[in-house]
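Shown next, in structure tokens, is the structure this report addresses.
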Amino acid sequence: MLQYGRVLKMTSVVGALLTVATLSGTVYSVRPGHTGQWNYEILRAGGINASLSVGPWARLEMSEFGIELTSEERITDSKPPVRGYLGRKHSAENLVHCKTSSNKKDGLCFDRKDGFRLEIFSSAIKRKRISQVKDLDCITISWEPPANSSIKETPEDCFDLSGFHWFGGFEESCQAWPMNGYNINSSPFITADSYMGRVFGSVIEGIFLSSSGLGIIVEETTPLYVSINQGGLPHLCLKGKVGEDTPFFNVTKPFLQYDVCLSANVLTLWQGISARHIQTPEFAPSFEVIQRPIWCTWAIYHDKINQSIVVDYAKNIRAHNLSISQLEIDDSWTLHYGDFNFTTDRFPDAAQMIQNLTDLGIPATVWVHPFFNNDSKTYQLLKDKGFLVKDINSDNPHSVSWWRSKNESGILDVTNPDAVQWYLDTLNYLKETFNVTSFKFDAGEAIWYPGKYKVQNPVASPNYLSSKYIDIALRSDMNQRRQEMRVGFRSQKSSLMMRIIDRKSDWNHTLGIKTVIPASLVFGMMGYPYILPDMIGGNSLPDKELFVRWLQVSTFLPVMQISNPPWRFGDDVVQLTRKFLQLHEDYADDIFDLALNAIKTGEPIIRPLWWIAPQDEDALPIDTEFLLGNNLLVAPVLEWGARSRDIYLPSGQWRDENTGEIVQGGVWLLNYAVPLEVLPYFTKIA
Numbered sequence: 001m002l003q004y005g006r007v008l009k010m011t012s013v014v015g016a017l018l019t020v021a022t023l024s025g026t027v028y029s030v031r032p033g034h035t036g037q038w039n040y041e042i043l044r045a046g047g048i049n050a051s052l053s054v055g056p057w058a059r060l061e062m063s064e065f066g067i068e069l070t071s072e073e074r075i076t077d078s079k080p081p082v083r084g085y086l087g088r089k090h091s092a093e094n095l096v097h098c099k100t101s102s103n104k105k106d107g108l109c110f111d112r113k114d115g116f117r118l119e120i121f122s123s124a125i126k127r128k129r130i131s132q133v134k135d136l137d138c139i140t141i142s143w144e145p146p147a148n149s150s151i152k153e154t155p156e157d158c159f160d161l162s163g164f165h166w167f168g169g170f171e172e173s174c175q176a177w178p179m180n181g182y183n184i185n186s187s188p189f190i191t192a193d194s195y196m197g198r199v200f201g202s203v204i205e206g207i208f209l210s211s212s213g214l215g216i217i218v219e220e221t222t223p224l225y226v227s228i229n230q231g232g233l234p235h236l237c238l239k240g241k242v243g244e245d246t247p248f249f250n251v252t253k254p255f256l257q258y259d260v261c262l263s264a265n266v267l268t269l270w271q272g273i274s275a276r277h278i279q280t281p282e283f284a285p286s287f288e289v290i291q292r293p294i295w296c297t298w299a300i301y302h303d304k305i306n307q308s309i310v311v312d313y314a315k316n317i318r319a320h321n322l323s324i325s326q327l328e329i330d331d332s333w334t335l336h337y338g339d340f341n342f343t344t345d346r347f348p349d350a351a352q353m354i355q356n357l358t359d360l361g362i363p364a365t366v367w368v369h370p371f372f373n374n375d376s377k378t379y380q381l382l383k384d385k386g387f388l389v390k391d392i393n394s395d396n397p398h399s400v401s402w403w404r405s406k407n408e409s410g411i412l413d414v415t416n417p418d419a420v421q422w423y424l425d426t427l428n429y430l431k432e433t434f435n436v437t438s439f440k441f442d443a444g445e446a447i448w449y450p451g452k453y454k455v456q457n458p459v460a461s462p463n464y465l466s467s468k469y470i471d472i473a474l475r476s477d478m479n480q481r482r483q484e485m486r487v488g489f490r491s492q493k494s495s496l497m498m499r500i501i502d503r504k505s506d507w508n509h510t511l512g513i514k515t516v517i518p519a520s521l522v523f524g525m526m527g528y529p530y531i532l533p534d535m536i537g538g539n540s541l542p543d544k545e546l547f548v549r550w551l552q553v554s555t556f557l558p559v560m561q562i563s564n565p566p567w568r569f570g571d572d573v574v575q576l577t578r579k580f581l582q583l584h585e586d587y588a589d590d591i592f593d594l595a596l597n598a599i600k601t602g603e604p605i606i607r608p609l610w611w612i613a614p615q616d617e618d619a620l621p622i623d624t625e626f627l628l629g630n631n632l633l634v635a636p637v638l639e640w641g642a643r644s645r646d647i648y649l650p651s652g653q654w655r656d657e658n659t660g661e662i663v664q665g666g667v668w669l670l671n672y673a674v675p676l677e678v679l680p681y682f683t684k685i686a
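If you number the sequence shown the way the UniProt record's numbering does, the last residue is 686 and the count never jumps.
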């Protein structure tokens with residue numbers, strides 16, 4: 001029996017039980033794992049307190065204040081522990097030992113008074129691919145409700161953000177890198193439209209990394225709600241929640257499951273988690289879209305386009321000697337949203353228009369989406385075929401609102417194989433009839449499935465509806481691979497260009513230029529390397545300086561996209577545009593090599609500075625610089641009127657590509673001169 005105040009270390013003998021009785025009468029029983037796997041050590045017990053050392057790094061502190069999970073302080077780097085609070089605000093006093101649901105011999109199991117079961121066990125090693133990282137140790141934490149319970153929410157687990165930099169796996173309108181400054185109340189973690197003011201954006205993955213080397217990966221079917229800094233507490237909080245008023249209305253019970261992993265630093269943490277949880281792309285996009293910019297009609301013309309405008313736009317691009325990989329014909333080329341024919345009043349001969357583009361050496365792509373307004377011919381066709389998402393209690397199409405319709409639209413049932421095939425056949429019709437090359441896929445987020453609805457083949461999470469839409473996009477252009485997508489969830493292998501959501505034409509940190517680098521870094525962290533930043537200058541008319549600085553931000557990103565033409569700002573801007581388009585083209589082979597590398601390793605093309613300096617406190621939080629691969633550092637100007645900026649260079653020798661000067665790294669270059677025509681970038685030479 002345990003004697004209070006003494007340390008009792010238990011050997012890993014399979015099947016043995018260790019019982020800890022507190023003064024209050026609470027009993028804790030711990031079953032050790034297989035020899036060489038886990039070793040549980042009772043460090044302290046007294047009153048209603050108990051402390052358990054779990055595995056090589058985790059410690060559970062149990063008290064009337066709850067269960068606290070901490071990472072052991074590592075002697076090698078003297079990092080303080082990261083703290084998590086399991087079942088926050090609930091006392092551990094009434095925990096009762098139980099047998100794990102899967103009979104895991106290396107697991108801990110406790111039942112709470114309200115019937116919820118907490119299990120903690122060693123995470124199985126199931127890698128998506130081979131990794132050289134060996135020092136990733138993970139535990140799985142799981143909350144399950146009692147059987148036949150009407151409970152709709154799990155206990156909430158929270159992790160303290162203070163003391164470290166945290167990086168979160170989601171797109172957001174005020175994209176932050178790191179994420180410590182967010183203020184997000186508990187919200188469903190589903191793909192949504194951050195441009196329309198939704199909390200989480202179009203691309204999400206339940207992956208949260210800290211500079212301590214500790215990371216969290218949420219099981220993908222969890223009906224997850226996430227909050228950050230809610231109520232002024234510096235916490236990342238997770239819980240499972242179901243119910244008719246949630247996006248998880250068809251999930252019968254709430255649960256929460258996630259892995260907590262520890263590695264040497266944030267880089268090895270990402271490498272280990274990526275190898276275990278993230279699939280790599282199957283192939284790269286077309287080299288041409290990497291080499292030369294995509295041009296789009298949206299920001300300059302919005303929905304006021306016609307045949308002559310499109311052709312004249314293309315001719316002007318050529319007349320100004322500006323490079324182009326393809327021209328996107330954006331909203332609105334159809335008479336009604338949901339139809340798939342060019343409207344003849346504005347495009348009297350669409351086939352000839354696209355032939356004119358072809359004669360100019362310009363492939364044409366068109367804007368498509370999954371919505372069908374009820375005034376379109378296609379709406380009635382798909383309603384009759386049963387190809388639209390249906391109301392929960394009838395076979396009528398479920399009414400959907402989107403930015404081109406209010407409660408007067410249906411949405412494609414992406415779980416219906418026949419509906420999917422119809423959609424693909426229709427896209428192929430555009431290719432064969434008009435010589436359309438590929439497509440710009442818009443929307444696809446789970447947020448567009450409001451309320452309660454039914455699909456032909458129910459999915460475990462509404463986020464899988466986004467994944468299925470992505471699969472349609474992938475299948476639409478398997479040969480040239482010029483299509484783009486804006487939504488992502490567990491779809492890294494799709495290999496599509498992933499477009500960052502629309503940006504506004506301003507200098508601020510709400511969908512402005514300051515979010516381009518953070519969003520690119522977050523996309524790469526989530527496993528989406530083929531980043532397509534939105535249109536240079538944003539989606540309205542920028543001022544001249546904003547256009548030039550945005551052009552510079554985009555120069556070393558994987559793909560460039562232009563809509564507002566530089567000739568609107570004068571000949572000097574046309575000259576600068578040619579200069580930076582050529583600079584991008586000069587590095588296109590390097591970018592494509594990194595794109596191919598992502599197929600093998602999953603590594604991002606655009607990397608944070610901590611990628612080469614994971615222990616460097618100066619490098620960790622930087623969100624105004626980025627790396628292209630490991631050896632090119634880019635530091636664009638993001639402030640209006642700025643003609644100088646401070647630049648941090650991590651350790652190593654760097655060549656300033658503007659001056660040729662060699663700089664020893666590990667230093668800040670203060671007040672580096674940046675006249676409007678200058679983009680600071682540096683090559684690591686040693």
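Every residue gets a Cβ at the ideal spot worked out from N, C-alpha and C, and that includes glycine.
- Within 10 angstroms of the beta-carbon of Pro-680 lie 16 or more other beta-carbons, which makes it buried.
- Around the C-beta of Thr-555, 16 or more other C-beta atoms lie within 10 Å, and the residue is accordingly described as buried.
- With at least 16 other beta carbons inside 10 angstroms of its own, Gly-537 counts as buried.
- The residue from Phe-434, Leu-327, Arg-292 with its alpha-carbon nearest to that of Gln-355 is Phe-434.
- Taking C-beta separations shorter than 6 Å and ignoring five residues to either side along the sequence, the partners of His-320 in its chain run Trp-567, Val-574, following chain order.
- Taking the C-beta atoms as reference points, Phe-116 is found nearer than 8 Å to Pro-155.
- Check the Cα spacing between Ala-595 and each of Trp-610, Val-420, Ile-290: the tightest is with Ile-290.
- Residue pairing by DSSP places Cys-109 opposite Glu-119 in a beta bridge.
- Excluding its 5 nearest sequence neighbours in each direction, Glu-445 has C-beta neighbours in its own chain below 7 Å: Thr-191, Ala-192, Asp-193, Ser-202, Ser-466, Val-487, listed in chain order.
- DSSP places Ile-517 within a helical segment (H, G or I) once states are collapsed to three.
- Sixteen is the threshold: when 16 or more other Cβ atoms of the shown chains lie within 10 Å of the Cβ of Glu-205, as they do, the residue is buried.
- The shortest CA-to-CA distance from Asp-477 to any of Gly-66, Ser-494, Ile-447, Gln-582 is the one to Ser-494.
- Here the C-alpha atom of Phe-189 lies approximately 12 Å from the C-alpha atom of Glu-172.
- For the pair Val-226 and Glu-68, the Cα-to-Cα distance works out to about 19 Å.
- At the C-beta level, Leu-412 and Phe-387 come within 8 Å of one another.
- Nearest C-alpha to Arg-643 among Glu-617, Leu-670, Leu-632: Leu-670.
- Here Ser-150 is exposed: its Cβ has fewer than 16 other Cβ atoms, across all protein chains shown, within 10 Å.
- Within a 10 Å sphere around the beta-carbon of Trp-640 sit fewer than 16 other beta-carbons, which makes this residue exposed.
- Taken through DSSP and simplified to helix, strand or coil, Tyr-587 comes out as coil.
- In the three-state scheme derived from DSSP, where H, G and I count as helix and E and B as strand, Arg-486 is classed as coil.
- With contacts defined as CB atoms closer than 8 Å, Leu-267 and Pro-614 qualify as a contacting pair.
- As a beta-bridge residue in DSSP terms, Ile-228 pairs with Ile-184, Leu-236.
- Close CB contacts of Val-251 within its chain, under the 7 Å cut and outside five residues either way in sequence, are with Pro-223, Val-242 (chain order).
- Shown here for Ala-619: same chain residues with a beta carbon closer than 6 Å to its own, the five before and five after excluded, namely Leu-609, Trp-610, Ala-613, Pro-650 in chain order.
- Distance from the CA of Gly-181 to the CA of Asn-229, rounded to the nearest whole angstrom, comes to 8 Å.
- By the CB criterion at 8 Å, His-277 and Ile-184 fall outside the cutoff.
- The beta carbon of Asp-623 is closer than 7 Å to those of Trp-177, Ile-517, Pro-518 in its chain, skipping five residues each way along the sequence.
- Between Leu-633 and Glu-625 the beta-carbon gap is near 6 Å, inside 8 Å, which marks them as a contact.
- Collapsing the DSSP output to three states places Ala-50 in a strand.
- In the displayed model, Leu-594 falls within a helix according to three-state DSSP.
- DSSP, read as helix, strand or coil, puts Tyr-469 in helix.
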